[in-house]
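This report concerns only the one structure given below.
In my numbering, the protein residues as written are 858 to 1030.
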């Protein structure tokens, strides 16, 4: 598997699947979630509403992932995952790692060869960037998957730098 870093807009990535850092309602929100829903158009929200009605009446649980159409995005699917809110008093790192593992599991079920990830939980959910990057890179490296092209798409320079440090620190050999 090849892991690359991209500084830019995740909604512009030409990949099989884009991972959305969703909230549990699956109905759109701020940050990456809002951008994906805006750029992808109403088909994503319509499918999310159907999922809420049929499977996730109480919302998608933290650490899980589910796929929908990508609508008008230049991808085939959106994989929605709900990251944990950072807590200084409780270690929620396993839930954050689960977001990446579950997203890759869903990608494998779909047959996706290329996946673009945001920095899950590192925005409004308050996860410290360096720790979020370490968990993301470490989990993706350790998860068996058929996905061959993994991109971490970071919107700002600070996030890119944190992921670059984590990628360098975990390079094999």
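Glycine included, C-beta positions come from ideal geometry on N, C-alpha and C.
Worksheet item: Are there three or more Cβ pairs, one per stretch, closer than 8 Å when the region 907-917 is compared with the region 986-997?
Response: Cβ pair count under 8 Å is below three, so no.
Discussion item. Using CA atoms only, rank isn't needed, just tell me which of 1013, 913, 860, 970 is closest to residue 933.
Written reply: 970
Worksheet item: Does DSSP put residue 894 in a helix, a strand or coil?
Response: Residue 894: helix per DSSP, three-state reduction.
Worksheet entry | Of the residues 981, 958, 920, 877, the one placed nearest residue 926, counting alpha carbons only | 877
Fill in: Spatial neighbours of residue 1014 in its chain, beta-carbon cut-off 8 Å, leaving aside the 5 residues before and after
For residue 1014, where only same-chain residues beyond five positions count, the Cβ hits under 8 Å are 864.
Worksheet item: So, residue 897 versus residue 935, is the Cβ gap smaller than 8 Å?
Response: Yes. Within cutoff.
Practice prompt. Report yes if the CB atom of residue 973 is closer than 8 Å to the CB atom of residue 870, and no otherwise.
Written response: yes
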